[in-house]
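Colleague:
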Amino acid sequence: MLIGDVARRSGVSARMLRHYESLGLVRPTGRTGSGYREYSDEDIRRIFHIESLRSLGLSLREVGRALDDPGFAPAELVQDLVRRTRERIAAETELLTRLRRIGAAEPTGWEDVLRTVALLQALGSKSAGTRQRAALSVTEEAPLPVEALVEAVLNESDPNVAGALRWALARAGEEGAALLAEGLGSPAAEVRKRAVLSLAEIPDDGATALLRDALAHPDAAVRRYAALALGTRGVADAIPALVALALGETEEMKETKETEEPEGAGGTKVTGGTNDVGAADAADALSALASDPALADRIATGLVDRLARAAAGPSARRRLVQTLADIPGPTASRALTALSRDEDRAVALTARYVLGLREGR
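Here the numbering used here is used: the sequence shown runs in plain steps of one and ends on residue 358.
1. In this structure, how does DSSP classify R230 when only helix, strand and coil are distinguished?
2. Name the one or two DSSP bridge partners that G27 has.
3. Could you tell me which of L96, G121, G275 and S122 sits nearest to V110, measuring between CA atoms?
4. If you reduce the DSSP assignment to three classes, tell me which class G275 lands in.
5. What did DSSP end up calling L93 once you bin it into helix, strand or coil?
6. Are A279 and G326 close, meaning C-beta to C-beta below 8 angstroms?
7. May I ask you to verify whether the stretch 165 to 176 touches the stretch 112 to 119, counting CB pairs closer than 8 angstroms and requiring at least 3?
8. Would you call the stretch 50 to 65 and the stretch 12 to 25 in contact, with 3 or more CB pairs under 8 angstroms?
9. Taking the alpha-carbon positions, what's the R316 to A243 distance?
10. Here's a check: name, in chain order, each residue in its chain whose Cβ is nearer than 7 angstroms to the Cβ of A224, leaving out the five neighbours to either side.
11. Going by DSSP, what residue range makes up the alpha helix (DSSP H) through D2?
12. Since V135 is in the alpha helix (DSSP H), which residue starts that stretch and which ends it?
13. Mapping the DSSP letters down to three states, classify F69 as helix, strand or coil.
14. Does the Cβ of I86 have 16 or more other Cβ atoms within 10 Å, making it buried, or fewer, making it exposed?
15. Cutting at 7 angstroms between CB atoms, please list the residues of its own chain near R12, excluding the five before and the five after it.
16. Got a sec? Which residues, its chain only, sit under 7 angstroms from R303 by beta carbon, not counting five neighbours each side?
17. Using a Cβ-Cβ cut-off of 8 angstroms (strictly less than) and excluding sequence neighbours within five positions of L64, which residues of its own chain qualify?
18. Would you decide whether S154 is buried or exposed? Buried here means 16 or more other CB atoms lie within 10 Å of its CB.
19. Taking the beta carbon of D202 as the centre, do at least 16 other beta carbons fall within 10 Å, making it buried, or is it exposed?
20. So for S154, helix, strand or coil by DSSP?
21. How about V351 and A322: are their beta carbons less than 8 angstroms apart?
22. Which residues mark the beginning and the end of the alpha helix (DSSP H) in which S364 is found?
23. Going by other Cβ atoms of all chains shown within 10 Å of its Cβ, with 16 needed for buried, is R81 buried or exposed?
24. Could you check where the alpha helix (DSSP H) with P311 kicks off and where it finishes?
25. Measure from the alpha carbon of A197 to the alpha carbon of each residue in A178, P184 and A185, then state which is nearest.
26. L133 to R163, Cα distance in whole Å?
27. When DSSP labels each residue in this structure, what does T247 get in the three-state scheme?
28. If you draw a straight line from the alpha carbon of G126 to that of L151, how long is it in whole angstroms?
29. Between R5 and A149, what straight-line distance do the alpha-carbon atoms span, to the nearest angstrom?
30. Under 6 angstroms Cβ to Cβ from R349, same chain only, skipping five residues before and after it: list those, please.
31. Between the beta-carbon of G228 and the beta-carbon of L286, is there less than 8 angstroms?
32. R295: which of A329, G275 and R314 sits nearest, CA to CA?
33. Since V219 and V193 should fall inside the 8 angstroms C-beta cutoff, what is the C-beta to C-beta distance between them, to a whole number of angstroms?
What follows is the structure, given as structure tokens:
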């Protein structure tokens, strides 16, 4: 069969067949009387073998070894092909993600495209300063795809960069909150924490709804952060969790003390650019909620009842006094009066002092 016929039947161009011949991969068995290449059935079968191996990603050199070396073992080469294919897929996936994000930024010209590419590269920089500057440069006039911001904030370990990213994300609105919801379901505790901290800085109703749902989250840390955030927003649903946290006798705190670095007697240290999370933070949130007269007695009752059920020691009773100090209403005053007669001298003196302030003495 002449080279033209072989090219038509095999789908391999005559030029490529000549290239195969120059490499010694396949040589036509003979020549016609006019000097044209003539391929036998065995030659054509070898051409199909070459194309089959090339379809797996083998180089022409590797194809030659596979066909001509009797001792060639394919297992190692196949594993190498698997690795190379995975790397190629990862690179292509990264490119696809970048292109989608550029498209989401709705560029109006190539300058917008180049600016978005530069920001995305800066967010992926190894330099914390570069990442922080990229986050702070995001504005309404120079937006960045929300998906990229969410990915960055969920993976950011530097507290200063994380703060800048949360600031940028808070300006993005409800779309950011919806994407952060996926972070709450992450198997990594650090990612869940970053997700709830970011939601806490997004002021819209969508974020508030997600924080409400997070009050029932299986992760104790997520529940605490959600309760503190909701307390500052005036959401009464957070009161039970805040009461428990303010008294420092919760299972949530016990679950995490071994994994979070202590920060004095008032609470536990939390990385990621937030204030220490503990009894004082919960007390502040309850005080803010208690500015609503309809909630003040509910909060005071919850504090007293919780403490009574826990049969708490002097340190918890002292926290109760400190929390009640900023809760108005008769229920709080009655509780402070009872505590002014506490067997622990420090508890009693603190309660009397607070009562004096409340009564204007």
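Glycine included, every Cβ here is placed at the ideal spot set by N, Cα and C.
Modeller: Quick look at the numbers:
1. Residue 230 sits at position 233 when you count from the first residue of the sequence shown. Coil, per DSSP.
2. In the sequence shown, counting from the first residue as 1, residue 27 sits at position 30. DSSP, once it has assigned bridges, lists E35 as partnering G27.
3. In the sequence shown, counting from the first residue as 1, residue 110 sits at position 113. Looking at the Cα atoms, L96 is the closest of the given residues.
4. As a position in the sequence shown, residue 275 is number 278, starting the count at 1. Strand.
5. Position 96 of the sequence shown, counted from the start, is the residue given in the question as residue 93. Note: L93 maps to helix in three-state DSSP.
6. The residue labelled residue 279 in the question sits at position 282 within the sequence shown. The residue labelled residue 326 in the question sits at position 329 within the sequence shown. No. Outside cutoff.
7. no
8. yes
9. Start at 1 with the first residue of the sequence shown, and residue 316 comes out as number 319. Start at 1 with the first residue of the sequence shown, and residue 243 comes out as number 246. Roughly 7 angstroms between the two C-alpha positions.
10. Position 227 of the sequence shown, counting from 1, holds the residue named residue 224. Excluding positions up to five away in sequence, the list reads L212, A235, A238, L239 and L242.
11. Looking up residue 2 in the sequence shown gives position 5. Its alpha helix (DSSP H) spans residues I0 to S7.
12. Within the sequence shown, residue 135 is the residue found at index 138, counting from 1. It is not in any alpha helix (DSSP H) - V135 carries neither H nor E in the DSSP assignment.
13. As a working mapping, residue 69 is identified with position 72 in the sequence shown. The three-state secondary structure of F69, taken from DSSP, is coil.
14. Locating residue 86 in the sequence shown gives position 89, where the first residue counts as 1. The residue in question, I86, is exposed, as its Cβ has fewer than 16 Cβ neighbours within 10 Å.
15. As a first step, residue 12 must be located in the sequence shown, where it is residue number 15. Contacts found: none.
16. By 1-based counting over the sequence shown, the position of residue 303 is 306. Taken in chain order, the residues that qualify are V240, A241 and L244.
17. For the purposes of this step, residue 64 is taken as residue 67 along the sequence shown, with counting starting at 1. Taking C-beta separations shorter than 8 angstroms and ignoring five residues to either side along the sequence, the partners of L64 in its chain run L22, R43, H46, I47 and L50, following chain order.
18. Walking along the sequence shown from the start, residue 154 turns up at place 157. Exposed, by the Cβ-count rule.
19. Here residue 202 is taken as the residue at index 205 of the sequence shown, counted from 1. Exposed, because fewer than 16 other Cβ atoms sit within 10 Å of the Cβ of D202.
20. Reading the sequence shown from its first residue, position 157 is the one you call residue 154. Note: S154 maps to coil in three-state DSSP.
21. The residue given as residue 351 occupies position 354 in the sequence shown. The residue given as residue 322 occupies position 325 in the sequence shown. Result yes, Cβ atoms of V351 and A322 sit closer than 8 angstroms.
22. Within the shown structure, residues of the chain are numbered from -2 to 358, placing residue 364 beyond reach of any answer.
23. Here residue 81 refers to the residue found at position 84 when the sequence shown is read from its first residue. So R81 ends up on the exposed side.
24. Within the sequence shown, residue 311 is the residue found at index 314, counting from 1. Residues P311 to L321.
25. Sequence index remark: in the sequence shown, residue 197 carries index 200 (1-based). When each option's Cα is compared against that of A197, the closest is A178.
26. Position 136 of the sequence shown, counted from the first residue, corresponds to residue 133. Position 166 of the sequence shown, counted from the first residue, corresponds to residue 163. If you take the alpha carbons of L133 and R163, they lie about 10 angstroms apart.
27. Walking along the sequence shown from the start, residue 247 turns up at place 250. The predicted model places T247 with a pLDDT of 49, which falls under 50 and marks its position as unreliable; any figure quoted below should be read in that light. Residue state, collapsed to three classes: coil.
28. Within the sequence shown, the letter at position 129 stands for residue 126. Within the sequence shown, the letter at position 154 stands for residue 151. Looking at the two C-alpha atoms, the distance is approximately 17 angstroms.
29. Within the sequence shown, numbered from 1, the residue matching residue 5 stands at position 8. Within the sequence shown, numbered from 1, the residue matching residue 149 stands at position 152. The alpha-carbon atoms of R5 and A149 are separated by roughly 52 angstroms.
30. Indexing the sequence shown from 1 puts residue 349 at position 352. Same-chain partners within the cutoff: S337.
31. Translated into the one-based positions of the sequence shown, residue 228 becomes position 231. Translated into the one-based positions of the sequence shown, residue 286 becomes position 289. Between G228 and L286, the C-beta gap is smaller than 8 angstroms, which places the two residues in contact.
32. Within the sequence shown, the letter at position 298 stands for residue 295. It is A329 whose Cα lies nearest to the Cα of R295.
33. Position 222 of the sequence shown holds residue 219. Position 196 of the sequence shown holds residue 193. Rounded, the Cβ-Cβ distance is 5 angstroms, consistent with contact.
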